[in-house]
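Enquirer: First the structure, which I've put down as structure tokens, then a few questions once you've had a look.
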Amino acid sequence: MITRRVRVQVVAFVLIALVGVSYVGARYAGLDTLFGANAYVVKARLADSGGVFTNAEVTYRGVGIGRVGELHLVADGVEVDLRLRDDAPRVPADVDVIVANRSAVGEQYLDLRPRRDGEPYLRDGSVISRDRATLPLPSETVLLNLDRLVESVPGDELRSVVDELYLATQGTGPSLQALLDASTSVTKAATEHLPQTTALITDAGTVLATQVATGAAIKDFAANTKLIAEQLGRSDGDLRAVLATAPGAAAEISTLLRDTGPTLGVLFADLLTTANVLAPRRAGLEQLLVATPQAVAAAADVIRPDGAHFALTTTFFDPMPCVAGYEGTRYRNGLDTSPAPWNTNARCALPPGAGNVRGSQNAPSPGVPPATKPGSYLPTQDTPRLRSSLTELLSLDGG
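Quick look at the structure:
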């Protein structure tokens, strides 16, 4: 027989258990919202349930704010009661409701995603219309599409792909492992340097935008590259001949450079001096190169197999000869062959352009050479004379 004391203890234990379960259910499981305690009800209309169920969690941007209440069938689908806690953040009325899966086993929940912040907010009795709801793809649709995909793949070709994939990856275990390890290291390094990684991703948008902007130029470059490749394909025989001949030609050039190596530098140095002399006289040199073919052609007309054909016209006084500058020159008979000093001052002293006479004043001037740069080598009176003759170079003069 149960004594009165035992009965009191059992009743007390049951009461404590009920209070504890109720508190845990209300505090942590949110069961109080199912009974309307500390919650307000918002109705969401869906085309179908999408797998959502009573007591499923309701989140606001991923944060739990309530539970799903009863589901009611209506003419155009399902009406779901959303019991949102009073102490939860207020949800704007301009909101989309998403039926999402929490895990791979299909644990659905409702996520409220507002399009903008601020008032008006959802309140007790608010209705979220059907066009603002997004449902997950039905499982039967996924399975049907997967079945159609499998049926669309020919069995023989699929078997060939699997066999080739097996052959391609056979014996590559260590390489694949190294690739995975390297990928892990890269990911770890990118995480450790997150600001730089973020900046790289951000700057990549600029680079990609530049590539899009230059898309036409890239297409032209690719098209021109294709033309070059096609031309190389057509010239395959010539290219092979060049490649076959190139080693012999390279050997000959190497031999030439080896044999002329000691004097080649001196030759180039002398050519540099010649180039420095000819550079300021480029205009006269061009005129010489233009007139030389004409002179050669005229000589070919004069000298013929039957003799020379030319005419001589004397023009002693047309134009008048230049006498200015020759006043200090003493007349000397042509038969006088005795030694006499040169008159180095004799020249045509007329100014440039004065009459059609020849002379240095009417010769094309090469211009003033550029000034010598500081630190350059210039010979002076104390500079030893360079050996230029063959005897001096061979040191046969005893020097």
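Residues in the sequence shown are numbered from 1 upward in steps of one, following full-length UniProt numbering. Virtual Cβ for every residue (Gly too), placed ideally from N, Cα, C.
#1: Determine the DSSP secondary structure at ASP220, reduced to helix, strand or coil.
#2: Quick check on ARG45: does DSSP put it in helix, strand or coil?
#3: How many angstroms separate the CA atom of ALA298 from the CA atom of ASP259?
#4: Kindly indicate the opening and closing residues of the alpha helix (DSSP H) around GLN196.
#5: What would DSSP say about GLY248, mapped onto helix, strand or coil?
#6: Check each candidate in TRP342, GLU151 and THR172 and name the one with the smallest Cα separation from ARG332.
#7: What ranges does the beta strand (DSSP E) occupy inside the UniProt domain "Mce/MlaD" (39 to 114), keeping only unbroken runs of at least 3 residues that lie completely in it?
#8: Please state the DSSP three-state secondary structure of TYR331.
#9: Leaving out five residues before and five after THR54 in sequence, what residues of the same chain have Cβ atoms less than 7 Å from its Cβ?
#10: For VAL99 versus TYR109, is the C-beta spacing smaller than 9 Å?
#11: To the nearest whole angstrom, what separates the beta carbons of residue 447 and ASP117, a pair I think is in contact under 8 Å?
#12: How about ALA133 and ALA47: are their beta carbons less than 9 Å apart?
#13: Taking just the CA atoms, how far does VAL74 sit from ARG115?
#14: Considering Cα atoms alone, identify which of VAL186, LEU84, ARG347 and GLY50 is closest to GLU107.
#15: May I ask which residues mark the beginning and end of the alpha helix (DSSP H) holding SER139?
#16: With three or more C-beta pairs closer than 8 Å as the rule, is the region 77 to 84 touching the region 36 to 45?
#17: Go ahead and label ARG45 buried or exposed: buried means 16 or more other beta carbons lie within 10 angstroms of its beta carbon, across all protein chains shown.
#18: Taking just the CA atoms, how far does LEU267 sit from SER254?
#19: Let's test the definition: count the other Cβ atoms within 10 Å of the Cβ of TYR166 and tell me whether it reaches 16, buried, or not, exposed.
#20: Identify which residue in PRO319, GLY20, ASN345 and GLU151 has its Cα closest to the Cα of ARG330.
#21: If THR59 sits next to LEU135, beta carbons under 8 Å apart, how far is it from one beta carbon to the other, in whole angstroms?
#22: Please check the pair PRO190 and THR197, which I expect to be a contact at CB under 8 Å, by giving their CB distance rounded to whole angstroms.
#23: In its own chain, which residues sit with a C-beta less than 8 Å from the C-beta of SER129, not counting the 5 before and 5 after it?
#24: Measure from the alpha carbon of GLY77 to the alpha carbon of each residue in ASN101, SER160 and ASP131, then state which is nearest.
#25: ASP147 to VAL63, Cα distance in whole Å?
#26: Tell whether a beta-carbon distance below 9 Å holds between LYS219 and GLY125.
#27: Alpha carbon to alpha carbon, what distance is there between LEU176 and LYS188?
#28: Roughly how many whole angstroms lie between the Cα atoms of ALA250 and THR314?
#29: Going by beta-carbon coordinates alone, are CYS322 and ALA279 separated by less than 9 Å?
#30: Suppose you measure from the CA of TYR121 to the CA of ILE65; what does that come to, to the nearest Å?
Expert: Inspection of the coordinates gives the following:
#1: helix
#2: Strand.
#3: 43 Å
#4: That run of the alpha helix (DSSP H) goes 194 to 213.
#5: helix
#6: TRP342
#7: 39 to 46, 57 to 60, 63 to 74, 77 to 85, 95 to 101 and 108 to 114
#8: Of the three classes helix, strand and coil, the one that applies to TYR331 here is coil, per DSSP.
#9: VAL68, GLY69, GLU70 and LEU71
#10: yes
#11: Here the chain has residues from 1 to 399 only, and residue 447 is not among them.
#12: yes
#13: 27 Å
#14: GLY50
#15: 139 to 152
#16: yes
#17: buried
#18: Near 18 Å, if we compare the C-alpha coordinates of LEU267 and SER254.
#19: exposed
#20: Closest by C-alpha distance to ARG330, out of PRO319, GLY20, ASN345 and GLU151, is ASN345.
#21: Not really, about 16 Å apart at Cβ, beyond 8 Å.
#22: A small correction: the amino acid at residue 190 is Ala; Pro does not occupy that position in the sequence shown. Right, their Cβ atoms sit about 4 Å apart.
#23: ARG45
#24: ASP131
#25: Cα to Cα, ASP147 sits roughly 37 Å from VAL63.
#26: no
#27: About 18 Å.
#28: Rounded to the nearest angstrom, the two C-alpha atoms are 60 Å apart.
#29: no
#30: 14 Å
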